[in-house]
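Numbering (UniProt numbering), first residue to last: 1 to 218. Backbone N, C-alpha and C define an ideal beta-carbon position, used for all residues, glycine too.
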Amino acid sequence: MTQDDASLTSDTPHSKPEQGPRRRDVLATVTVGMGCAGACALAYPFLDSLNGTRSNRVGESDILDVDLSLLKPGQQSVVTWRGWPVFVQKRTPEMLKKLQDPALLQKLRDPESRIPQQPKDAANWHRSITPDIGVMIGICTHLGCVPTFDAPTQAEPSGKYLCPCHGSQFDSAGRAFKDAPAPYNLPVPPVTMISDKHLRIGESKGDPDFDIANIRQI
1 MTQDDASLTS
11 DTPHSKPEQG
21 PRRRDVLATV
31 TVGMGCAGAC
41 ALAYPFLDSL
51 NGTRSNRVGE
61 SDILDVDLSL
71 LKPGQQSVVT
81 WRGWPVFVQK
91 RTPEMLKKLQ
101 DPALLQKLRD
111 PESRIPQQPK
121 DAANWHRSIT
131 PDIGVMIGIC
141 THLGCVPTFD
151 APTQAEPSGK
161 YLCPCHGSQF
171 DSAGRAFKDA
181 PAPYNLPVPP
191 VTMISDKHLR
201 IGESKGDPDF
211 DIANIRQI
């Protein structure tokens, strides 16, 4: 499958970047709660989608701008970057508190993000360049399915990701649980915050030499 052939099919609307000679801008469509789960619950051929892209560093044609103005705390939107689904998430204070819970950290394979599944500026406890905005490539690192977002609720305020194919689980920062098949955390693309309402996927000011082809995954 080539990059042009890759697509994400769902019943829930998601952003489609406009075509341009140098840049694709996108207005992220916000999905709420389990509505996002329906958008993500499908198998996605991760390894095939890498064909034609793994050998190339991110260039200007790979830039995707995302408007965060409609994204409310606890919500997630799904956009498409380089043919991959990307989860853009606005975290609540409760979600951030849970990410640092020692009881949770003991259940995770790589709680400190030491394995290079992200740029250097996202190798932290929240796996992002700003704690309240999470950005992850929505590809399970087990066999390439798209996890669903189990959005925060009053009973469970942390939120997490569940893979519908083989039961892998990730916390709201995309960190893989030990007792599930996925061996690595969800990949994090290079991201730059242009403003508090606008982010850019495809550039990292904190790690400008980051190459998405160098992440680890099966």
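Residue range 93–99 is occupied by the alpha helix (DSSP H) that includes residue 97. One Cα belongs to residue 156, the other to residue 131, and the distance between them is close to 19 Å.
By alpha-carbon distance to residue 120, the top candidate from 216, 213, 204 is 204. Assigned with DSSP and collapsed to three states, residue 133 falls in strand.
Going by C-alpha positions, residue 171 is about 13 Å away from residue 94.
Sorting 75, 81, 74, 73 by C-alpha distance to the C-alpha of residue 66 places 81 at the top. Residue pairing by DSSP puts residue 81 in a beta bridge opposite 84. With a threshold of 16 other beta carbon atoms within 10 Å, residue 64 meets it and is buried.
Assignment of residue 121 by DSSP, reduced to helix, strand and coil, places it in the helix class. Inter-residue distance for residue 101 and residue 112 is about 13 Å (C-alpha atoms, whole angstroms). Its chain contains 110, 117, 174, 175, 176 as the residues whose beta carbon lies nearer than 6 Å to that of residue 185, once the 5 sequence neighbours on both sides are disregarded; these appear in chain order.
The three-state secondary structure of residue 212, taken from DSSP, is helix. Between the beta-carbon of residue 158 and that of residue 98 there is about 4 Å, and that keeps the pair under the 8 Å contact cut. The DSSP assignment places 102–105 as complete runs of the alpha helix (DSSP H) inside the UniProt domain "Rieske" (100–200), in order along the chain (cut-off: 4 residues). Contact check for residue 86 and residue 135: beta-carbon distance about 6 Å, within the 8 Å limit, so the pair qualifies. Here residue 70 is exposed. Its C-beta has fewer than 16 other C-beta atoms within 10 Å.
Of all C-beta pairs linking the region 188–204 to the region 121–130, three or more are shorter than 8 Å, placing the two stretches in contact.
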